[in-house]
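Data block below; observations after.
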Amino acid sequence: MDRRKFVKTAGVAGLAGTAGLLSACGGKAGVSDCAESTAGPAAEAIEWKMVTTWPRDFPGLGTGATHLADLIGKLSNGRLKVKVYGGNELVPPFEVFDAVQRGTAEMGHGGAYYWKGKIPASQFLGGWPFGLTGNEMNGWFYHGGGLEIYHEAYAPSGLIPFPVGNSGTQMGGWVNKEINSVADLNGLKMRIPGVGAEVLKRIGGTPVNIPGAELFTALQSGTIDATEWVGPMNDLAFGLFRAAKYYYYPGWHEPGSALEGIVNAEAWASLAPDLQQIVETACKAASMDMYADFEARNGTALNTLINEHQVELRAFPDEVLDELKRVSFEVLEELAAADEMSGKVWASFKAYFDTIRGWTEIGSQYFLNRR
Ligand code: CA
Numbered sequence: 291m292d293r294r295k296f297v298k299t300a301g302v303a304g305l306a307g308t309a310g311l312l313s314a315c316g317g318k319a320g321v322s323d324c325a326e327s328t329a330g331p332a333a334e335a336i337e338w339k340m341v342t343t344w345p346r347d348f349p350g351l352g353t354g355a356t357h358l359a360d361l362i363g364k365l366s367n368g369r370l371k372v373k374v375y376g377g378n379e380l381v382p383p384f385e386v387f388d389a390v391q392r393g394t395a396e397m398g399h400g401g402a403y404y405w406k407g408k409i410p411a412s413q414f415l416g417g418w419p420f421g422l423t424g425n426e427m428n429g430w431f432y433h434g435g436g437l438e439i440y441h442e443a444y445a446p447s448g449l450i451p452f453p454v455g456n457s458g459t460q461m462g463g464w465v466n467k468e469i470n471s472v473a474d475l476n477g478l479k480m481r482i483p484g485v486g487a488e489v490l491k492r493i494g495g496t497p498v499n500i501p502g503a504e505l506f507t508a509l510q511s512g513t514i515d516a517t518e519w520v521g522p523m524n525d526l527a528f529g530l531f532r533a534a535k536y537y538y539y540p541g542w543h544e545p546g547s548a549l550e551g552i553v554n555a556e557a558w559a560s561l562a563p564d565l566q567q568i569v570e571t572a573c574k575a576a577s578m579d580m581y582a583d584f585e586a587r588n589g590t591a592l593n594t595l596i597n598e599h600q601v602e603l604r605a606f607p608d609e610v611l612d613e614l615k616r617v618s619f620e621v622l623e624e625l626a627a628a629d630e631m632s633g634k635v636w637a638s639f640k641a642y643f644d645t646i647r648g649w650t651e652i653g654s655q656y657f658l659n660r661r
């Protein structure tokens, strides 16, 4: 065990005797590291800003950002304090990437696919249509080589990314007419982001991307015919059930969307190794917590939508899903061929997918179909 780790462990456990501390402090770690690690909050705490693409404390996503900042502060015993800024409080939501890159804020919290104009591979890194579930995404990130390739993709931008949450499988969206065939998607004006938008366009629909806060009005006024948002918890909060008759599933376009934390690389390099470990571990803990939050509260919200608001649930017909899947992989292959890093991410995903899907099918899927 290196000395710095010893100091950290001893400090956290509160078991370090004087002799042990002197011994640990005599090495490379240096006096200041010893003082910070063993004497409660540091005299000069490091203060970071975290800008987010979400409204402050928006359910699941915004609360996830706040939870992550709290965790970093508590785990570091106040040595690293992170102040959260909701969308538009310090910078507009879609300027989070630039703000962290130039150091206006040290951290950002958002979704990878928002940055496809900056890093084309980012549109794969939060998940993809007909791809991985939240559980499978976590397997790829943490034990399937995903985190390494994620870092490689963002390194040229001076950013270090971490998964910080997952929405779970989203819903297909709210529509005012029944979708019984592929032809029913023709001319459908729908709010849908990311790769799913391109898929809808090729099938004959008209994808639009408008901010979440404007969805209800756009749907109710007929500016759009349909919208996806997230899942029952967030969709209930926006009152979308008052603006559309049918609630479709599954969310073929976002089967397990991962949320993203980004850290300015220079700010990261300035942290002591134990603080780096704390940030990384807090991101992982926050990621698991957000996923659990979505799972638990989506169940409650779905019951409310069905029983209190008489929402009519509909599954997309197999014929429609088959065509959406065919076109999705056509689009994904084209995107992967157009950019070297995208190709590398896609190759890693496909290799992992080929392995994991067999296990998912005979493990959880077979079981779930019979539960
Ligand atoms: Ca969505």
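Here our numbering is used: position 290 in the sequence shown is 580, and no number is missing along the way. The C-beta atom is built at its ideal place from N, Cα and C for all residues, glycine as well.
Count the other CB atoms, across all protein chains shown, that sit within 10 Å of the CB of Ala-516; report buried if there are 16 or more and exposed otherwise. Its Cβ being crowded by 16 or more others within 10 Å, Ala-516 is buried.
Heavy atom of ligand 1 less than 7 Å from the Cβ of Lys-518, yes or no? First, the amino acid is wrong: residue 518 is Glu here, not Lys. Checking the 7 Å criterion, the Cβ of Glu-518 is within range of a heavy atom belonging to ligand 1.
Distance check for Tyr-642 and Glu-326, CA to CA, integer angstroms please. Unreliable positioning characterises Glu-326 in this predicted model, as indicated by a pLDDT of 45, which lies under 50. The coordinate reading is nonetheless provided below. Going from the Cα of Glu-326 to the Cα of Tyr-642 covers about 42 Å.
Inter-residue spacing [alpha-carbon to alpha-carbon] between Glu-662 and Gly-477: Past the boundaries of the shown model lies residue 662; the chain is included only from 291 to 661, so the question cannot be answered.
Contact test: Gln-413 Cβ vs ligand 1 heavy atom, cutoff 7 Å: Gln-413 Cβ: outside cutoff for every heavy atom of ligand 1.
Nearest-angstrom Cα distance between Trp-542 and Pro-419? Those two C-alpha atoms are separated by around 6 Å.
Taking the C-alpha atoms as reference points, what is the distance between Met-340 and Trp-558? Near 13 Å, if we compare the C-alpha coordinates of Trp-558 and Met-340.
Who are the Cβ neighbours of Ile-409 in its own chain at under 7 Å, not counting the five residues just before and after it? Result list for Ile-409: Ala-443, Tyr-444 and Ser-447, in chain order.
Can you give me the C-alpha to C-alpha distance between Leu-603 and Arg-660, rounded to a whole angstrom? Cα to Cα, the separation comes out at about 21 Å.
Using the C-alpha atoms, what's the distance from Arg-369 back to Arg-647? When rounded, the distance between both Cα atoms is 43 Å.
What's the gap between the Cα of Gly-494 and the Cα of Ala-555? Approximately 42 Å between the Cα atoms of the pair.
If we count the other Cβ atoms within 10 Å of its Cβ and call it buried at 16 or more, is Trp-405 buried or exposed? Trp-405 comes out buried.
What runs of the beta strand (DSSP E), each 3 residues or longer, lie entirely inside the segment 453–516? With a minimum length of 3 residues, the continuous beta strand (DSSP E) runs that stay inside the segment 453–516 are 463–465, 479–481 and 496–498.
DSSP three-state label for His-543, please. Three-state DSSP puts His-543 in coil, outside helix and strand.
Burial state of Leu-658 (16 or more Cβ within 10 Å): Residue burial annotation: Leu-658 is exposed, with fewer than 16 other C-beta atoms found within 10 angstroms of its C-beta.
Ala-335 versus Ala-572: straight-line alpha-carbon distance, rounded: Taking the straight line from one Cα to the other gives about 18 Å.
Unbroken beta strand (DSSP E) run spanning Tyr-375, endpoints: That run of the beta strand (DSSP E) goes 370–375.
CA-CA distance, Gly-436 and Ala-627? Whole-angstrom Cα-Cα distance: 19 Å.
Could you check if Gln-460 belongs to the surroundings of ligand 1, using beta carbon to heavy atom distance under 7 Å? Yes, the Cβ of Gln-460 comes within 7 Å of a heavy atom of ligand 1.
Ordered along the chain, which non-local residues of its own chain (more than five positions away) have a Cβ less than 7 Å from that of Tyr-403? Counting only Cβ-Cβ distances below 7 Å, and skipping sequence neighbours, we find Ser-412, Gln-413, Gly-416, Pro-483 and Gly-484.
Which partner residues does Glu-278 have in the DSSP bridge list? Look at the range of the chain in this structure, 291 to 661, and you will see that residue 278 is not part of it.
Closer than 7 Å: Glu-468 CB and nearest ligand 1 heavy atom: Proximity of the beta carbon of Glu-468 to ligand 1 is not indicated: no heavy atom of the ligand is located closer than 7 Å.
Quick one: give me the first and last residue of the alpha helix (DSSP H) that Asn-593 is part of. Bounds of the alpha helix (DSSP H) holding Asn-593 are 563–597.
Cα separation between Ala-548 and Val-610? Here the alpha carbons of Val-610 and Ala-548 stand approximately 25 Å from one another.
Residues near Thr-650 by beta carbon distance below 7 Å, same chain, minus five either side: Residues Glu-426 of the same chain have their beta carbon placed closer than 7 Å to that of Thr-650, with the five preceding and five following residues left out of the count.
Cβ-heavy atom distance between Ala-544 and ligand 1 below 7 Å? Going by the sequence as given, residue 544 is Glu instead of Ala. Checking the Cβ of Glu-544 against ligand 1 gives yes.
At the level of alpha carbons, what is the spacing between Gly-462 and Glu-518? Those two C-alpha atoms are separated by around 6 Å.
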